[in-house]
Amino acid sequence: VVECLCRGDIMRLASLLPHASDVINAPLTPYYSKDLRTPLHLAAAFPSLSCTQLLLWYSANVKVCDAEGQSCLCYARLSGDKDVIDLLLQAGCPESSPVTHTQAVPHSGVLNSSPEQPTSPTHSE
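Numbers in this note's numbering are just positions in the sequence shown, counted from 1, shifted up by 4.
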């Protein structure tokens, strides 16, 4: 399935999907647990409207997020394909922003090691 998506081979994908229900919503790399992208993420990223539609017809889950909290819609938006974006929205893909994992910003002064350093902004003239 992944090879078909990468090549855009819609005919082969159409012949495989009826027999591939176990991989439609499975992570692309099941043995690397940090990569939770599914075939639908891949189809949205390329983007391929026909592959995305086929996956949806075969019950691809539009609500699955990758390890970074990004939905298929995020991938479609990055690719810039309005048709794929519209299709995913119509299929119920969440519009919400992806969850981002950022490093916590320390409070002012927490990292200051010497007492003479200011802990609040100063105004210069």
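All C-beta atoms in this analysis are idealised placements derived from N, C-alpha and C, irrespective of residue type, glycine included.
- Thr56 carries a helical assignment under DSSP once its states are collapsed to helix, strand and coil.
- Taken in chain order, the complete alpha helix (DSSP H) segments of 4 or more residues contained in the stretch 35-94 are 43-49, 53-61, 76-83, 86-94.
- Relative to Glu72, the option among Val27, His45, Gly96 whose CA is nearest is His45.
- The beta carbon of Ser25 sits closer than 8 Å to those of Tyr62, Ser63, all from its chain and outside the five residues before and after it, given in chain order.
- If the five residues before and after Ser54 are omitted, its C-beta is found closer than 7 Å to the C-beta atoms of Ile14, all from its own chain and listed in chain order.
- Across the set Ala18, Arg41, His23, the C-alpha of Arg41 shows the shortest separation from the C-alpha of Cys69.
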